[in-house]
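Each residue of the sequence shown is one higher than the last, beginning at 106 in our numbering.
In this text, a Cβ means the ideal position worked out from N, Cα and C, and glycines have one as well.
Because the structure is a prediction, the values reported are computed rather than measured.
Heads up, the thing below is written out as structure tokens.
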Amino acid sequence: MMIPDHLRPVDFPIAPAQKPGFVTGFTGLRVHFSSEAEAHQAYEGALERFQNPLRWFQQPPVADRMKLHYNLVDGTNTPITGRGPAIGDYGRVQVGASKTADWVHIENVGSGPDMVSFTFRPTGSPISSAPGETSHFYTHDATNTMTIWRDQKDLVSTVQIRNVRGNTLAPEMPDAARRLRNHAYWIGSELGGQKYMWTTWVGESSLAGIRATGKGQGYLWRPRNTEGLTSYIPELYAHGAKAALTSAREGVSNLMKLVH
């Protein structure tokens, strides 16, 4: 997968290597400002939001549609406050009113002058999962590297997805209801959920920066102020189509087991 030049800095954070047979994706947006000082101000505004996952996906009307919450916690499931994410922290992801959480942990943090990135990987619950279990609708292979940086007069926000596969066939997950739920989430992500989610994330990041400069959200919608949103998540292409079909078949099979 080629990352567009206008969304790639000279020292681009290294995301984990892509493996054959897995789905990959990339979403990013570059916003232009009138000076480096203004772009730095925008970066600081975006950074404040970036370091507080509780603020992600909370802008209306998206908040009402997605009902998605990222909670930064430690190994005892205690909320982390007063600082940004760090290596070893956990993310507890709640979708809607579901009592079932998806878990990720932070395995890498990159930083530099006016640049920061976090790499998340699906993992087990630190308080209830069995050894080796992944409590997420993606397998442990998947990673998500989120980055914001200032490039001269511009603010850039990106999301790099690597090695995505649905966590639907794991032998250590005997719970048929959990498997069925993972099938549903995996298929939903392949049918456009991921694209909507990460397009929303980079949009919110950009808006946080824009508002920090005193401008309104209308600034984002003027074509001359941005270098087009790129959102490449191959929902129904190549490996995505094959994985979605396999997941659908397994989902029907598990549903039948639950019914009978």
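Shown here, Glu143 sits in a helix according to DSSP, grouped into three states. In the structure shown, Leu177 falls within a strand segment according to DSSP collapsed to helix, strand and coil.
Counting only the Cα atoms, Phe131 lies some 15 Å from Ser310. Pairing Ile253 with Thr181 gives a Cβ-Cβ distance that is not under 8 Å. Nearest Cα to Tyr243 within the set His145, Ala122 and Thr129: Thr129. CA-to-CA, the gap between Thr248 and Pro190 works out to about 16 Å.
Here Trp326 is exposed: its Cβ has fewer than 16 other Cβ atoms, across all protein chains shown, within 10 Å. Asn272 places its beta carbon 8 Å or farther from that of Gln123. The Cβ atoms of Tyr148 and Arg255 lie closer than 8 Å to each other.
Take Ala202, set aside five residues on each side of it, and the residues of its chain with a beta-carbon closer than 8 Å to its own are Lys172, in chain order.
Counted as a single uninterrupted DSSP element, the stretch harbouring Tyr301 is not any beta strand (DSSP E) but the alpha helix (DSSP H) occupying residues Gln299 to Ala317.
Listed in chain order, the non-local C-beta contacts of Thr331 below 6 Å within the same chain comprise Val136, local neighbours out to five positions each way being set aside. By the neighbour-count definition (other C-beta atoms within 10 Å, threshold 16), Gly193 is an exposed residue. For a cut-off of 8 Å, the C-beta gap from Thr318 to Gln146 is around 5 Å, short enough to register as a contact.
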